[in-house]
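A.B. asks:
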Amino acid sequence: MANPGGGTVCNGKLHNHKKQSNGLQSRNCTKNGIVKEAQQNGRTHFYDKLIVESFEEAPLHVMVFTYMGYGIGTLFGYLRDFMRNWGIEKCNAAVERKEQRDFVPLYQDFENFYTRNLYMRIRDNWNRPICSAPGALFDVMERVSDDYNWTFRFTGRVIKDVINMGSYNFLGLAAKYDESMRTIKDVLEVYGTGVASTRHEMGTLDKHKELEDLVAKFLNVEAAMVFGMGFATNSMNIPALVGKGCLILSDELNHTSLVLGARLSGATIRIFKHNNTQSLEKLLRDAVIYGQPRTRRAWKKILILVEGVYSMEGSIVHLPQIIALKKKYKAYLYIDEAHSIGAVGPTGRGVTEFFGLDPHEVDVLMGTFTKSFGAAGGYIAGRKDLVDYLRVHSHSAVYASSMSPPIAEQIIRSLKHLMGMDGTTQGLQRVRQLAKNTRYFRQRLQEMGFIIYGNENSPVVPLLLYMPGKVAAFARHMLEKKIGVVVVGFPATPLAEARARFCVSAAHTREMLDTP
Amino acid sequence: MATATEQWVLVEMVQALYEAPAYHLILEGILILWIIRLLFSKTYKLQERSDLTVKEKEELIEEWQPEPLVPPVPKDHPALNYNIVSGPPSHKIVVNGKECINFASFNFLGLLDNPRVKAAALASLKKYGVGTCGPRGFYGTFDVHLDLEDRLAKFMKTEEAIIYSYGFATIASAIPAYSKRGDIVFVDRAACFAIQKGLQASRSDIKLFKHNDMADLERLLKEQEIEDQKNPRKARVTRRFIVVEGLYMNTGTICPLPELVKLKYKYKARIFLEESLSFGVLGEHGRGVTEHYGINIDDIDLISANMENALASIGGFCCGRSFVIDHQRLSGQGYCFSASLPPLLAAAAIEALNIMEENPGIFAVLKEKCRQIHKALQGISGLKVVGESLSPAFHLQLEESTGSREQDVRLLQEIVDQCMNRSIALTQARYLEKEEKCLPPPRVVSGLETSRFIWECRLEAAEELEKRVLRPGAKSGRLQESPPGSLNALLAWSAR
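Protein chains in written order, with numbering that gives the first Met the number 0: chain R, 0 to 515; chain H, 0 to 495.
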């Protein structure tokens, strides 16, 4: 069992243990004021679930060691840069062409400092190539580096049957071909792989229409539209919905695609603290009362951007409070359910179902098919006039090609499976299995004393490691034990909070979860 | 001694106090009192209005009415009534239930329904399933991706290539990875929308030069040089880029690459070439516009293309020297933060590359066909063919515009509809009118492909178009006259 020595196992030394819960424990009742009212009204069936989210802080000595680790790394980095500059040490990185030496340098030295010195040392933990389907078990290609991770060489051997705790395979639908995938084979043979046209021109296949109807049915909304790439769905549709003169309130820890979409739209962006409804309320009040800065004109629209499940934190958005706020201040809500669709909620329909809310209360439901459905692409769903508007004005519908037919078929197949339309209840069973696995996994890890972030129902489990050295050691050790994990450090997370992230899947059996 | 001087100073002061005239003392006393009052009174800001009471705030919140999230869309907007294609978008395409010859998909090498490509995709489906369930950094890298990157790099004769999972995202992520705020980018006016989005995301200074006009570009570069001399320190850290397309999607012309390379070395700017339409089309082996002109590929810093046109797959790639491409592995947003390309599409692309390498003759066939079609379409009065004769995506524009864009669009749509009735699938080029920087005039765009037996149908189509438009309708721009007259002409011709 990998017990990365010392630091994160904090048996009993829990400094500043923050725990947010609602209802039954009356400590933080002001934070969940609205929820409490609902309870007093007698509608207790949805809110009496304990929303337990924990974001413990680390003990002090761990933080000290972390910063020391980074400090030493930086010092050595400067030293090696110096040596490379003076030619004492061989420079392994690629260099500029001789003819272009006198051009303005393409990269500023400082930008790449982190990459060159800190990231290079532990680079072998990322971009690990695999050669089988990313199911519960997969095969990792073995690679070694002769020159300290500057280049890699494949030995040709393959590490078979590594337990996959890294891919986003929540419902276990990404698996090797089996007979149930026959329809995909047929579609591939009839339609081919590509589309070679945009949605507006000649790229709308009947498969797309079928898929959109099915997605709308699954989510219980009026209409939906699908796009070829999840990242592009956000970055190309947010500019179509808001523009200059509008306000976007986005969560601190939103995904890059949301941030890019918000920036490309030209609207003013204000950030509220992660999952903090008071911060959001304050911003909303100020926005409505004082209007745009300097001109004091009213904002045209206010859009709140949140995610269903945050991938780096594992926390679930406090949806009931946000919807109450949205109604009070007449703002619009955009939820990115990339990680929560199919994974959260009693039948896998996302955070609206998890909280027992009506999906019509959210204005724009967005999600991707990559994570739970084992395919690629994204969708936006909501009222019919919204989807019609996007059909006409979305950048992706006009300029980017549409989804490939076999991929669309895979999503159709998974949706039918989940909704039980193919005659079995396997879909529902998968969702239940995922919920069970999640709870079991989190419970066991907490018993072992690790610091875990996030809501206890979220299938994304970040385990804090803090120190950069530990990050590398953990990942390598785990691979030796034939468990594939994902470690994340700066810049995806704050500097001092490097973590390992586990993605629980419905395809994991109990023994697989017990091995770590 | 010191104390003595101090005492002496104090004594002097007290003496001065006694000896001062009364008004002086009173004035000073008042001043001191005033200062004390100022120090202790509350400060106020000049521009702040008085604080709103809570009640007023609540009222404001009640009164505020935002705009509706989306403005209503007219029901008959063409985009709402898509052409629905059932079946594969190959050379015979079933649009809205009607079988037509496909002139609208960009299936240049005809690989969309090639059985080898489909077999390769099927094999990959059997082995890997459909999705990759993760970005490249977290177990989303499959050996097919590495293979495809290798093959692309070898095919284009560069050091390295990097794959994106969506064509639009390729150039839109590549540009902001290198060009940041404060850098300068010289870009052609007719650049496609994806490039415009990439530039917007990069927040750099953008300077547009007239389409394919090297003199204009040189003028801009010279101006920049003069600016640089005024401020050499800043100039040493601002990077300069020139972004051009090999074959422009909006006009069908080829960029003059040799002159660009000369300008590059003269003014020290880097060139980013976007080859979506020219990859697999131009050049003896299909390597694109660099092969077409015979330029050393290392002279171009970055070549980006999407695999959706010639390679009949989905996705895009960038290729170039390792020095340039490796940076995108950590800072290309569409690469790091998005799931990787599904392996069956990657396998399809590899097989398509195999086919391209095995039969280099298809490029010559394609070029020949393009030339012939261009010649055949030249004679139509009322419509002009815009673009190079080598371009497989050619544009038909109205020779004289009717004066308003909407009327032009409607007229062209009628032409398209008539052709659809005659079993030829064409399409109008779609633009987001409010978002484009330099909106090209409306046109019918069509993509050509190399299937042999369609050749005669092509000629037929050309003649039909000619007959259709020859009637007075399009020339003078009078909408009402066109339909009945030319319909009769077409019927007469086909009955022959």
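Yeah, the Cβ is synthetic: ideal placement off N, Cα and C, and Gly gets one too.
Values in this document were obtained by computation on a predicted structure and should not be read as measured data.
Between Trp63 of chain H and chain R, is the shortest Cβ-Cβ distance under 8 Å, so that the two count as touching?
C.D. replies: It does; some Cβ of chain R falls within 8 Å.
A.B. asks: Locate the alpha helix (DSSP H) running through Lys326 of chain R, then write down its first and last residues.
C.D. replies: Per DSSP, Lys326 of chain R belongs to the alpha helix (DSSP H) from Leu318 to Tyr328.
A.B. asks: Going by C-alpha distance, which of R:Thr424, R:Ser403, R:Lys435 and R:Tyr465 is nearest Ala195 of chain R?
C.D. replies: With distances taken between Cα atoms, Ala195 of chain R lies closest to R:Ser403.
A.B. asks: Going by the beta-carbon positions, is the gap between Ser314 of chain R and Phe169 of chain R smaller than 8 Å?
C.D. replies: Not a contact, by the Cβ cut-off of 8 Å.
A.B. asks: Ile33 of chain R CB to nearest chain H CB: under 8 Å?
C.D. replies: With a pLDDT of 36 at Ile33 of chain R, under the threshold of 50, the predicted position of this residue should be treated as unreliable, though the coordinate-derived value follows. Closer than 8 Å: no.
A.B. asks: With DSSP run on the structure shown, which of helix, strand or coil describes Phe226 of chain R?
C.D. replies: In the structure shown, Phe226 of chain R sits in a strand (DSSP, three-state: E or B).
A.B. asks: Would you give the residue range spanned by the beta strand (DSSP E) that Thr367 of chain R belongs to?
C.D. replies: Counting along the chain, the beta strand (DSSP E) containing Thr367 of chain R begins and ends at Val363 to Thr367.
A.B. asks: Hey, Ala497 of chain R and Leu444 of chain R: beta-carbon distance below 8 Å or not?
C.D. replies: Not closer than 8 Å, so no.
A.B. asks: Using a Cβ-Cβ cutoff of 7 Å, what residues of the region 349 to 367 of chain H are near chain R? List them in chain order.
C.D. replies: Those would be none; no residue qualifies.
A.B. asks: Would you list the residues sitting across from Glu251 of chain R in a DSSP beta bridge?
C.D. replies: DSSP output for Glu251 of chain R lists no bridge partner at all.
A.B. asks: Figure out for me which residue from H:Pro341, H:Glu217 and H:His394 has the closest Cα to the Cα of Val384 of chain H.
C.D. replies: The shortest C-alpha separation from Val384 of chain H is found at H:His394.
A.B. asks: Would you report the Cα separation of Glu98 of chain R and Phe322 of chain H, rounded to the nearest angstrom?
C.D. replies: Taking the straight line joining both Cα atoms gives about 14 Å.
A.B. asks: Ser166 of chain R: which of R:Asp357, R:Phe137 and R:Asn219 sits nearest, CA to CA?
C.D. replies: Measuring from the Cα of Ser166 of chain R, the nearest candidate turns out to be R:Phe137.
A.B. asks: Please confirm whether Val186 of chain H and Ile205 of chain H have their CB atoms less than 8 Å apart.
C.D. replies: Yes, the pair counts as a contact, with Cβ atoms nearer than the cut-off.
A.B. asks: Tell me where the alpha helix (DSSP H) around Met466 of chain R begins and ends.
C.D. replies: Unbroken run through Met466 of chain R: none, as it is neither H nor E.
A.B. asks: So, using beta-carbon positions, are Gln427 of chain H and Val415 of chain H closer together than 8 Å?
C.D. replies: Yes, the Cβ-Cβ distance between Gln427 of chain H and Val415 of chain H is below 8 Å.
A.B. asks: Taking 8 Å as the CB-CB cut-off, is Leu23 of chain R touching chain H?
C.D. replies: Because the pLDDT of Leu23 of chain R is 34, which lies under 50, any placement of that residue in the model is unreliable, and the question is left without a value.
A.B. asks: Using the Cβ count rule (16 or more neighbours within 10 Å means buried), how would you classify Trp125 of chain R?
C.D. replies: Buried, because 16 or more other Cβ atoms sit within 10 Å of the Cβ of Trp125 of chain R.
A.B. asks: Just to confirm, is the Cβ distance from Glu280 of chain R to Leu324 of chain R under 8 Å?
C.D. replies: In contact: Glu280 of chain R and Leu324 of chain R (Cβ atoms closer than 8 Å).
A.B. asks: Measuring only between beta-carbons, confirm whether Val116 of chain H sits less than 8 Å from chain R.
C.D. replies: By this cut-off, Val116 of chain H is an interface position.
A.B. asks: Here's the rule: buried if 16 or more other CB atoms are within 10 angstroms of the residue's CB, otherwise exposed. What is Thr294 of chain R?
C.D. replies: Exposed, because fewer than 16 other Cβ atoms sit within 10 Å of the Cβ of Thr294 of chain R.
A.B. asks: Please go through the same chain and pick out, in chain order, the residues whose beta-carbon is closer than 8 Å to the beta-carbon of Leu304 of chain R, but skip the five residues on each side of it.
C.D. replies: So the list reads Ile237, Ile247, Leu248, Ser249, Asp250, Asn253, Leu257, Ala261, Tyr333 and Asp335, once near-sequence residues are dropped.
A.B. asks: So what's Gly426 of chain R in DSSP terms, helix, strand or just coil?
C.D. replies: Correct three-state label for Gly426 of chain R: helix.
A.B. asks: Report, in whole angstroms, the separation of the C-beta atoms of Pro88 of chain H and Ser104 of chain H, which I expect to be a contact under 8 Å.
C.D. replies: That belief holds up - the Cβ atoms of Pro88 of chain H and Ser104 of chain H are roughly 5 Å apart, short of 8 Å.
A.B. asks: Would a check of beta-carbon distances place His394 of chain R closer than 8 Å to chain H?
C.D. replies: Closer than 8 Å to some Cβ of chain H, the Cβ of His394 of chain R qualifies, so yes.
A.B. asks: Quick one: what does DSSP say Thr289 of chain H is sitting in, helix, strand or coil?
C.D. replies: If DSSP states are grouped into helix, strand and coil, Thr289 of chain H belongs with the helices.
A.B. asks: Determine whether the beta carbon atoms of Ser277 of chain H and Phe230 of chain R lie at a separation below 8 Å.
C.D. replies: Not in contact: Ser277 of chain H and Phe230 of chain R (Cβ atoms no closer than 8 Å).
A.B. asks: If you measure from the CB of Ile294 of chain H, is any heavy atom of the ligand SAM nearer than 7 Å?
C.D. replies: No copy of the ligand SAM appears in this structure; indeed no ligand is present at all.
A.B. asks: Identify the contact partners of Lys56 of chain H in chain R, using a Cβ-Cβ distance below 8 Å as the criterion.
C.D. replies: Those within 8 Å of Lys56 of chain H in chain R are Arg284 and Ile288.
A.B. asks: Looking at Ala239 of chain R: is its Cβ nearer than 8 Å to the Cβ of Ala380 of chain R?
C.D. replies: Going by C-beta atoms, Ala239 of chain R is not nearer than 8 Å to Ala380 of chain R.
A.B. asks: Quick one: is Asn40 of chain R buried, meaning 16 or more other Cβ sit within 10 Å of its Cβ, or exposed?
C.D. replies: Confidence at Asn40 of chain R is low in this model, with a pLDDT of 37, below 50, so its placement is unreliable and no value can be given for it.
A.B. asks: Where does Leu30 of chain H land, buried or exposed, given buried means 16+ other C-beta within 10 angstroms?
C.D. replies: With fewer than 16 Cβ atoms within 10 Å of its Cβ, Leu30 of chain H is classed as exposed.
A.B. asks: Counting only runs that start and end within the region 309 to 371 of chain H, where is the alpha helix (DSSP H) found for 4 or more residues in a row?
C.D. replies: For the region 309 to 371 of chain H, whole alpha helix (DSSP H) runs of length 4 or above, ordered along the chain, are 321 to 324, 327 to 330, 332 to 335 and 342 to 357.
A.B. asks: Confirm, please, whether the CB-CB distance from Val486 of chain R to Val470 of chain R is below 8 Å.
C.D. replies: In this structure, Val486 of chain R lies closer than 8 Å to Val470 of chain R by Cβ.
A.B. asks: For the region 385 to 400 of chain R against the region 197 to 204 of chain R, do three or more pairs of beta-carbon atoms, one drawn from each stretch, fall closer than 8 Å, so that the two count as touching?
C.D. replies: They touch, by the three-pair rule.
A.B. asks: Rank R:Phe153, R:Met418, R:Met477 and R:Lys383 by C-alpha distance to the C-alpha of Glu221 of chain R and give the top, closest one.
C.D. replies: Looking at the Cα atoms, R:Lys383 is the closest of the given residues.
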